[in-house]
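Engineer:
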Amino acid sequence: MKKHLITGLTLALFALICGGLLAFINMFTSPMIKAREEKKIEESISIVFDAYKSGDYTKEEFNREGVVLGYYIINNQTNEKEAVIYIIESQGYASKIRMMIGVNKDNKITGYTVISQAETKGDITAHDFNMNGKSNLDEFDSLAGSTYSSKAVKKNFSLALSYAKVDLGGNAND
Amino acid sequence: MTRKENFLKGFFKENPLFVLLLGCCPALAITTSVENAIGMTIAFTFVVTLSNLFISLINLNEKIREFIRPIRIAVYIVIIATLVTIVEMVMEAYLPELYNSLGVFISLITVNCIVLGRAEAYASKNKPLDSIIDGITMGLGYGLALLIISFIREFLGSGTITIWKELKIDLTGLYKALNIEPISFFKSSAGAFLVLGIVLGILQAIKNRKARKTKEKRVVKE
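Sequences listed follow chains E and G, in order.
Numbering-wise, the first sequence is residues 1 to 174 according to the numbering used here.
Numbering-wise, the second sequence is residues 1001 to 1222 according to the numbering used here.
1. Check whether the Cβ atoms of Ile115 of chain E and Met131 of chain E lie closer than 7 Å to each other.
2. Quick check on the burial criterion: 16 or more other C-beta atoms within 10 angstroms. Buried or exposed for Ser54 of chain E?
3. Measuring straight from C-alpha to C-alpha, what distance separates Gly169 of chain E and Val67 of chain E?
4. Check this for me: beta carbons of Thr1162 of chain G and Asp1170 of chain G, under 7 Å apart or not?
5. On the DSSP letters alone, give me the boundaries of the alpha helix (DSSP H) that Glu1005 of chain G sits inside.
6. Beta-carbon within less than 7 Å of Val1034 of chain G's beta-carbon, same chain only, minus the 5 sequence neighbours each way: which residues are those?
7. Kindly indicate which three-state DSSP category Asn1179 of chain G falls into: helix, strand or coil?
8. So that I know if they touch, is there some Cβ in chain G lying closer than 7 Å to that of Asn173 of chain E?
9. Could you give the DSSP three-state label for Arg1218 of chain G: helix, strand or coil?
10. So with CB distances below 9 Å, who are the chain G contacts of Met32 of chain E?
11. So which of G:Val1084, G:Asn1006, G:Lys1176, G:Leu1102 has the shortest CA-CA distance to Pro1026 of chain G?
12. What are the complete beta strand (DSSP E) segments, minimum 3 residues, inside the region 52-137 of chain E?
13. Report the three-state DSSP secondary structure of Arg1170 of chain G (helix, strand or coil).
14. Using the three-state DSSP reduction, which class does Thr1162 of chain G fall into: helix, strand or coil?
15. I believe Gly1139 of chain G touches Phe1011 of chain G by the beta-carbon criterion, under 8 Å. Please report the beta-carbon distance rounded to the nearest angstrom.
16. Classify Tyr71 of chain E: buried if its beta carbon has 16 or more other beta carbons within 10 angstroms, exposed otherwise.
17. Counting only the same chain and skipping the five closest in sequence on each side, list residues whose C-beta sits under 7 Å from that of Glu60 of chain E.
18. When we look at the beta-carbon of Ile1180 of chain G and count the other beta-carbons within 10 Å, is it buried (16 or more) or exposed?
19. What does the Cβ neighbour count give for Asp84 of chain E, buried or exposed, with the cut at 16 atoms within 10 Å?
20. Taking only heavy atoms of the ligand SAM into account, decide whether any of them is closer than 6 Å to the Cβ of Leu1053 of chain G.
21. What residues of chain E sit near Ile1042 of chain G, judged by a beta carbon separation below 7 Å?
22. Determine which residues of the region 1060-1081 of chain G have a Cβ less than 8 Å from any Cβ of chain E, and write them out in chain order.
23. Which stretch, first to last residue, makes up the alpha helix (DSSP H) that contains Pro1016 of chain G?
24. So with Cβ pairs under 7 Å, would you call Ile25 of chain E a contact of chain G?
25. Taking the C-alpha atoms as reference points, what is the distance between Ile1077 of chain G and Phe1044 of chain G?
26. Give a yes or no on whether 7 Å exceeds the smallest Cβ distance from Thr1160 of chain G to chain E.
27. Give the C-beta separation of Ile1079 of chain G and Phe1105 of chain G to the nearest angstrom, bearing in mind that I take them to be a contact with Cβ-Cβ under 8 Å.
28. Any idea what DSSP makes of Leu143 of chain E, helix, strand or coil?
29. Count Cβ pairs between the region 152-164 of chain E and the region 85-92 of chain E that sit closer than 8 Å; are there 3 or more?
30. Are Ile135 of chain E and Lys108 of chain E close, meaning C-beta to C-beta below 7 Å?
31. With C-beta atoms as the reference, is Thr29 of chain E less than 7 Å away from Ala1177 of chain G?
32. Assuming Ser149 of chain E and Gly111 of chain E form a contact by the criterion Cβ under 8 Å, report the distance between their Cβ atoms to the nearest whole angstrom.
33. Quick check on the burial criterion: 16 or more other C-beta atoms within 10 angstroms. Buried or exposed for Glu80 of chain E?
34. DSSP three-state label for Phe1067 of chain G, please.
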């Protein structure tokens, strides 16, 4: 019994030393990783909502069912929610296609970008799905030869538009 | 075995991938570009060398060796996992593109049979310096194998050789001159299997030829 206890404590000691070492290294690497991720999000938001670059808007992070993460874009002067940006993902052919999609208070797509994907066919990152400024999927331009990927992208747009209606308090034109 | 022989064994005689056929999964998955192979080699050599060193140091003392014998595998895994996590954190902070490209295979170095195999079979029974040399040779030998496979796959599959980030050799002109396209099949896992099989076949043929010549020489002498 005593022997088992001692070997257990020895293992715990090893784990403690290793944990301490990892915590020490994490002190240096963690701020860098966090800063880079934040920079990447800021850049992506600027792509999705062009006016964000001007500095007249601030973002407010929120959690929502159905999306990975959401951001409200708030006008600094009026303090009103001008748009909502979602990080949203759907299953494509070989991978999940994660996108950032912006929708304004008129329920129109302000911009979009593919954050991550590992599809095997077609370059969906570079393809223009013809959705900028649109409020429905009528003119959605699928990527030829990538049916499943296009379907996933379309689903992302569809979800973003429907969620935005709720999150921004509905659309007067509907 | 001399230190020189110890150092050279990992490249040819006991190459982890080409001779021992260990670490096949990451070799098939990450060899889509030479850059990936270089990154994996650096990460892998770091882990296997330092894990060999620490495990050898722990086993230096006869009493400690006997004491940890029942829990030695758990201790080795803790050490290896710590080193892998360090590599992961540093890579994510300083080389994010490579980190994303290698993906889960960095974490999987923890359970790589080469690392644990060298810890149990070599480092636990040998002195620290010899264990370091063993770690370096196994890491570089594995890296050499990864480089060969990735070079063939990237050249045939994409027509490029990506050495590091923007440092890329574009050989697509060669394909254009021949009026053909790069064969994207080689970018897939099945293509990796084929390349590994062909390379193993060539190496085995060379080995057999060498053995036959040695045998013939011996017969002539007799």
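Ideal Cβ positions, reconstructed from N, Cα and C, are used throughout, including at glycine.
Fair warning: this is a prediction, and the values are worked out from it, not measured in the lab.
Structural biologist: Short version:
1. Stepping through the first sequence from its first residue, residue 115 of chain E is reached at position 115. Stepping through the first sequence from its first residue, residue 131 of chain E is reached at position 131. No, the pair does not count as a contact, with Cβ atoms beyond the cut-off.
2. Indexing the first sequence from 1 puts residue 54 of chain E at position 54. Exposed: under 16 other Cβ atoms inside 10 Å.
3. Residue mapping note: residue 169 of chain E aligns to position 169 of the first sequence, counting from 1. Residue mapping note: residue 67 of chain E aligns to position 67 of the first sequence, counting from 1. Per the coordinates, the alpha-carbon of Gly169 of chain E lies some 18 Å from the alpha-carbon of Val67 of chain E.
4. Counted from its first residue, the second sequence places residue 1162 of chain G at position 162. Counted from its first residue, the second sequence places residue 1170 of chain G at position 170. Contact: no.
5. Taking the second sequence and counting its residues from 1, the one referred to as residue 1005 of chain G is at position 5. Glu1005 of chain G: member of the alpha helix (DSSP H) spanning 1003-1009, first to last residue.
6. The sequence position of residue 1034 of chain G within the second sequence is 34, counting from 1. Excluding sequence neighbours, Val1034 of chain G sits near Leu1147, Ser1150, Phe1151, Glu1154, Ile1161, Thr1162, Ile1163.
7. Within the second sequence, numbered from 1, the residue matching residue 1179 of chain G stands at position 179. In this structure, Asn1179 of chain G counts as coil in the three-state DSSP scheme.
8. Reading the first sequence from its first residue, position 173 is the one you call residue 173 of chain E. Confidence at Asn173 of chain E is low in this model, with a pLDDT of 44, below 50, so its placement is unreliable and the value that follows should be read with caution. By this cut-off, Asn173 of chain E is not an interface position.
9. Counting from 1 along the second sequence, the entry for residue 1218 of chain G is found at position 218. In the three-state DSSP reduction, Arg1218 of chain G falls in the helix class (H, G or I).
10. Locating residue 32 of chain E in the first sequence gives position 32, where the first residue counts as 1. The answer, in chain order, is Glu1092, Ala1093, Tyr1094.
11. As a first step, residue 1026 of chain G must be located in the second sequence, where it is residue number 26. That would be G:Leu1102, whose Cα lies nearest to the Cα of Pro1026 of chain G.
12. Runs found: 57-62, 69-75, 81-91, 96-104, 109-116.
13. Counting from one through the second sequence, the residue named residue 1170 of chain G turns up at place 170. Note that residue 1170 of chain G corresponds to Asp in the displayed sequence, not to Arg. Asp1170 of chain G carries a strand assignment under DSSP once its states are collapsed to helix, strand and coil.
14. Along the second sequence, read from residue 1 onward, the residue named residue 1162 of chain G stands at position 162. Correct three-state label for Thr1162 of chain G: strand.
15. As a working note, residue 1139 of chain G is residue 139 in the second sequence. As a working note, residue 1011 of chain G is residue 11 in the second sequence. Their Cβ separation, rounded to whole angstroms, is 11 Å, which puts Gly1139 of chain G and Phe1011 of chain G out of contact at 8 Å.
16. Residue mapping note: residue 71 of chain E aligns to position 71 of the first sequence, counting from 1. Result: buried.
17. For this step, residue 60 of chain E is matched to residue 60 along the first sequence. Correct list, in chain order: Tyr71, Tyr72, Ile74.
18. As a first step, residue 1180 of chain G must be located in the second sequence, where it is residue number 180. Answer is exposed; the Cβ neighbour count stays below 16.
19. As a position in the first sequence, residue 84 of chain E is number 84, starting the count at 1. It is worth fixing the name first, because residue 84 of chain E is Val in this sequence and not Asp. With a 10 Å radius around the Cβ and a threshold of 16 neighbouring Cβ atoms, Val84 of chain E comes out buried.
20. The ligand SAM is not part of this structure, which contains no ligands at all.
21. Here residue 1042 of chain G refers to the residue found at position 42 of the second sequence. Within chain E, no C-beta atom comes less than 7 Å from the C-beta of Ile1042 of chain G; the nearest is roughly 16 Å away.
22. Those residues of the region 1060-1081 of chain G that come within reach of chain E (Cβ to Cβ, closer than 8 Å) are Phe1067, Ile1068, Pro1070, Ile1071, Ala1074, Val1075, Val1078, Ile1079, Ala1081.
23. Within the second sequence, the letter at position 16 stands for residue 1016 of chain G. It is not in any alpha helix (DSSP H) - Pro1016 of chain G carries neither H nor E in the DSSP assignment.
24. Walking along the first sequence from the start, residue 25 of chain E turns up at place 25. Yes, because at least one Cβ of chain G sits closer than 7 Å to the Cβ of Ile25 of chain E.
25. The residue given as residue 1077 of chain G occupies position 77 in the second sequence. The residue given as residue 1044 of chain G occupies position 44 in the second sequence. If you take the alpha carbons of Ile1077 of chain G and Phe1044 of chain G, they lie about 15 Å apart.
26. The sequence position of residue 1160 of chain G within the second sequence is 160, counting from 1. False, the Cβ-Cβ gap to chain E never drops below 7 Å.
27. Sequence index remark: in the second sequence, residue 1079 of chain G carries index 79 (1-based). Sequence index remark: in the second sequence, residue 1105 of chain G carries index 105 (1-based). Ile1079 of chain G to Phe1105 of chain G, Cβ: 20 Å. No contact.
28. As a first step, residue 143 of chain E is located in the first sequence; it is residue number 143 there, counting from the start. Three-state DSSP puts Leu143 of chain E in coil, outside helix and strand.
29. Counting Cβ pairs under 8 Å, three or more are found: they touch.
30. For this step, residue 135 of chain E is matched to residue 135 along the first sequence. For this step, residue 108 of chain E is matched to residue 108 along the first sequence. Rather than Ile, the amino acid found at residue 135 of chain E in this sequence is Ser. Yes, the pair counts as a contact, with Cβ atoms nearer than the cut-off.
31. Translated into positions along the first sequence, residue 29 of chain E becomes position 29. Translated into positions along the second sequence, residue 1177 of chain G becomes position 177. No. Outside cutoff.
32. By 1-based counting over the first sequence, the position of residue 149 of chain E is 149. By 1-based counting over the first sequence, the position of residue 111 of chain E is 111. So it is not a contact: roughly 19 Å between Cβ atoms.
33. The residue labelled residue 80 of chain E in the question sits at position 80 within the first sequence. Exposed.
34. On the second sequence, position 67 is the one that residue 1067 of chain G refers to. For Phe1067 of chain G, the secondary structure class from DSSP, reduced to helix, strand or coil, is helix.
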